[in-house]
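According to our numbering, the stretch in the sequence shown is residues 708 to 1024, in order. Just so you know, even glycine gets a beta-carbon here, dropped at the ideal spot from N, CA and C. As the structure is a computational prediction, the values presented were derived from the model and not from experiment.
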Amino acid sequence: MEREGVVLVYSHGAGQNVRVDRLPAAGETRRAISWKLDRDGCKGTNIAVALGRLHIKNTLVTKVGDDVWADLCTGWLREAGTDISCVVRDKNLETATGVVFVDQEGQNSIVLGEGDMSVPHDLIDRALDERKDSRIFITGFEIDEEDALYALRKAKDYGMTTMLNPSPVGRCLDFGAADIVFVNEVEACQILELAGVKKGDSNWEEVTELLRRSCHGPDIVLTLGEKGYVLNEKGEISGEKGIDVKVVDTSGAGDAFLAAAAYRLHQGSNLREACKWGNMYAAISAGYSGTIPGYLPLEEVEERMEKLVSGKEHFYG
């Protein structure tokens, strides 16, 4: 039987989107241009919603509170078609939230809230055992690092293609159970520092090789925002430049890239082609305020991409 579907053991929650003319300096008070509570998700939430809108069967495995934030973010999953049977609600917890500050250039800074971000291993075991024929597995360090790595190893044992976003960067560098690691430039430098490796004058292509060696050999996708991305696939380097768009909000663009790459891999593309598609999908998402509004349905995305490739549309320009 052909494998199908995606399983995520990941974070779930909603964020507060605060737009400002510029990010405040230390000790400075500034007025917000807008403050929205209904358009930003945690990384797991974002990726699951994007996959659902791209018509990929997916299940999110996580634990949340029993509160208004859980109502909001789980509603997004339900609307996107994500399987929420493994989203456990616990009245003793508070659902994860955070604040996303976005300036007039669309650049963002994120502060995550405190709280219990663990996922019980018995929940992970049950969910993966029941879905062991899934094609792709996704996790990251917005949940407890040890829980993410536990789930990653179990998914690897089942033969799934395993994808990891080690953000925020934790303590462990043994990503050998991950087939593909997705990081941005800030996280890349933090990982190298943790590994005791000097970046020095290395260019981004060389950095991906340093990362691959430091993290026990996974393929590395290094996203560089408007500069595009670099892919190091078993030592072979490729990549694409960024796509010229009018940026509204970059928050969640990395999640869009990962979700879109997973979609294309699930459809049978190789990693190089999957990353090209992810680069375009991430660019489209940056044209919207908030993460959730930027994850367009497949039919609309394909139409936009066709115009982009043919030169008939210059996104938002």
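Quick one: measure Cβ to Cβ for A755 and A777, integer angstroms, because I've assumed they're closer than 8 Å.
Taking C-beta atoms under 8 Å as the contact rule, A755 and A777 fail to qualify, at a distance of about 14 Å.
In the DSSP assignment, find the alpha helix (DSSP H) that holds R979 and state where it starts and stops.
Segment 978–992, the alpha helix (DSSP H) holding R979.
D836 classed as buried or exposed, judged by whether at least 16 other C-beta atoms fall within 10 angstroms
By the 10 Å Cβ count, D836 comes out exposed.
Would you kindly check if the distance between the Cβ of S825 and the Cβ of D864 is under 7 Å?
Between D864 and S825, the C-beta gap is not smaller than 7 Å, which leaves the two residues out of contact.
Can you tell me which of L880, E912, E916, S816 puts its alpha carbon nearest to the alpha carbon of A902?
Closest option to A902, Cα to Cα, is L880.
Identify the residues that DSSP records as bridge partners of V1016: which are they?
In DSSP, V1016 forms no bridge with anything.
For the segment 858–875 against the segment 884–899, are there 3 or more C-beta pairs whose distance is under 8 Å?
Here the segment 858–875 lies against the segment 884–899, with 3 or more beta-carbon pairs under 8 Å apart.
For a test of the three-state rule: what should DSSP assign to L761, helix, strand or coil?
If DSSP states are grouped into helix, strand and coil, L761 belongs with coil.
Should A989 go down as buried or exposed, given a rule of 16 or more other Cβ atoms within 10 Å for buried?
With 16 or more neighbouring CB atoms inside 10 Å of its own CB, A989 falls in the buried class.
For I817, tell me which candidate among G722, K839, D745, I845 has the shortest Cα-Cα distance.
Of the candidates G722, K839, D745, I845, the one whose C-alpha sits nearest the C-alpha of I817 is G722.
If you drop the 5 nearest sequence neighbours on each side, which residues of the same chain put their C-beta closer than 7 Å to that of R839?
It is worth fixing the name first, because residue 839 is Lys in this sequence and not Arg. Excluding positions up to five away in sequence, the list reads Y865.
For a minimum of 3 consecutive residues, which ranges assigned as the beta strand (DSSP E) are wholly contained in the segment 916–978?
Taken in chain order, the unbroken stretches of beta strand (DSSP E) that lie wholly in the segment 916–978 and span 3 residues or more are 926–930, 936–940, 943–947.
Tell me, to the nearest whole angstrom, how far the beta carbon of L859 is from that of T868; I am working on the premise that it is less than 8 Å.
At roughly 11 Å, the Cβ-Cβ gap does not stay under 8 Å, so L859 and T868 are not in contact.
I believe T802 touches I791 by the beta-carbon criterion, under 8 Å. Please report the beta-carbon distance rounded to the nearest angstrom.
Not really, about 13 Å apart at Cβ, beyond 8 Å.
Nearest-angstrom Cα distance between L1003 and L761?
Going from the Cα of L1003 to the Cα of L761 covers about 8 Å.
Taking the alpha-carbon of G897 as reference, which of L744, R729, T915, H828 has the nearest alpha-carbon?
The residue asked about is misnamed: residue 897 is Gln in this sequence, not Gly. Comparing Cα positions, the closest option is T915.
With a CB to CB cut of under 6 Å and the five nearest residues on each side skipped, what residues in its chain are close to D962?
The residues are K750, N753, I754.
Give the straight-line distance between the Cα atoms of G932 and D829, rounded to the nearest whole angstrom.
Between G932 and D829, the C-alpha separation is close to 37 Å.
Would you report the Cα separation of M987 and M1012, rounded to the nearest angstrom?
Straight-line Cα distance between these residues: approximately 7 Å.
Entirely enclosed beta strand (DSSP E) segments - the segment 720–779, minimum 3 residues
DSSP runs (the beta strand (DSSP E)) wholly in the segment 720–779: 720–726, 741–748, 765–772.
How big is the Cα-Cα spacing for L715 and I887?
Each residue's Cα considered, the two are about 14 Å apart.
Express the C-alpha separation of N977 and R971 in angstroms, rounding to a whole number.
Near 8 Å, if we compare the C-alpha coordinates of N977 and R971.
Comparing alpha-carbon positions, which option in S945, T769, I845, T998 lies nearest L800?
Ranking the options by Cα distance to L800, first place goes to T769.
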